[in-house]
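Accompanying notes for the structure given below.
What follows is the structure in structure tokens.
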């Protein structure tokens with residue numbers, strides 16, 4: 036009789052330890068997953084901020100180009116000094132276009148790097164979910 040009680044107590048203890056281990060594993064896994072989800076949310080926010088900055092920069096460059104164009108004297112005033120000024124204004128417009136192209140490339144690179152980082156984190160999340168599911172299956176057997 037005592038042996039059966041002892042055996043039952045041992046089984047209960049093992050079951051409780053198994054549940055405790057499973058709960059600990061779930062807690063650790065959930066904490067890590069929450070951390071990874073936060074990282075994905077943060078990267079998504081960084082992408083939005085970069086896209087907004089990109090739009091603002093392009094808008095500012097367009098305003099600058101319009102201001103330069105408005106200051107340019109008409110071509111029919113042919114004095115040498117005015118012609119030099121016109122050439123300088125045109126150089127400024129070309130510089131502004133180059134800055135615009137450079138900003139587009141930088142934005143593309145920045146967002147591509149952020150998306151790559153996000154894909155890596157999502158992959159890690161999927162692996163963690165898969166491992167947690169597998170461990171859960173093993174512990175439940």
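Numbering (the working numbering), first residue to last: 36 to 176.
All residues carry an ideal CB built from backbone N, CA and C; glycine is no exception.
**Message:** Measuring straight from C-alpha to C-alpha, what distance separates residue 72 and residue 109?
**Reply:** The residue labelled residue 72 in the question sits at position 37 within the chain shown. The residue labelled residue 109 in the question sits at position 74 within the chain shown. For residue 72 and residue 109, the distance between alpha carbons rounds to 58 Å.
**Message:** Within 8 Å, do at least three Cβ pairs link the stretch 115-124 to the stretch 166-174?
**Reply:** Three or more Cβ pairs closer than 8 Å define a contact, and the stretch 166-174 falls short of that threshold against the stretch 115-124.
**Request:** Taking all protein chains shown into account, decide if residue 69 is buried (16 or more other Cβ within 10 angstroms of its Cβ) or exposed.
**Result:** Counting from 1 along the chain shown, the entry for residue 69 is found at position 34. By the neighbour-count rule (16 or more Cβ atoms within 10 Å), residue 69 is not buried but exposed.
**Asked** If you draw a straight line from the C-alpha of residue 142 to the C-alpha of residue 95, how long is it?
**Response** Against the chain shown, residue 142 aligns to sequence position 107. Against the chain shown, residue 95 aligns to sequence position 60. Whole-angstrom Cα-Cα distance: 15 Å.
**Message:** Taking the straight line between their C-alpha atoms, what separation do you get for residue 129 and residue 156?
**Reply:** Start at 1 with the first residue of the chain shown, and residue 129 comes out as number 94. Start at 1 with the first residue of the chain shown, and residue 156 comes out as number 121. Answer to the nearest angstrom: the Cα atoms are 41 Å apart.
**Asked** Looking at the structure shown, is residue 64 part of a helix, part of a strand, or coil, going by DSSP?
**Response** Along the chain shown, read from residue 1 onward, the residue named residue 64 stands at position 29. For residue 64, the three-state secondary structure derived from DSSP is helix.
**Asked** By DSSP, does residue 160 sit in helix, in strand, or in coil?
**Response** To locate residue 160, count along the chain shown from 1; it is residue 125. Helix at residue 160.
**Prompt:** Roughly how many angstroms separate the alpha carbons of residue 149 and residue 160, rounded to a whole number?
**Reply:** Sequence index remark: in the chain shown, residue 149 carries index 114 (1-based). Sequence index remark: in the chain shown, residue 160 carries index 125 (1-based). Taken atom to atom, the span from the alpha-carbon of residue 149 to that of residue 160 is near 16 Å.
**residue 261 versus residue 145 - alpha carbon distance** = Nothing about residue 261 can be reported from this structure: the residues present for the chain run from 36 to 176 only.
**Message:** Let me make sure I understand the geometry here. Which of 137, 132 and 89 has the alpha-carbon closest to that of residue 101?
**Reply:** Within the chain shown, the letter at position 66 stands for residue 101. Sorting 137, 132 and 89 by C-alpha distance to the C-alpha of residue 101 places 132 at the top.
**Asked** Pick from 136, 125 and 77: whose alpha carbon is nearest that of residue 92?
**Response** In the chain shown, residue 92 corresponds to position 57, counting from 1. Residue 136 is the option with its Cα nearest to residue 92.
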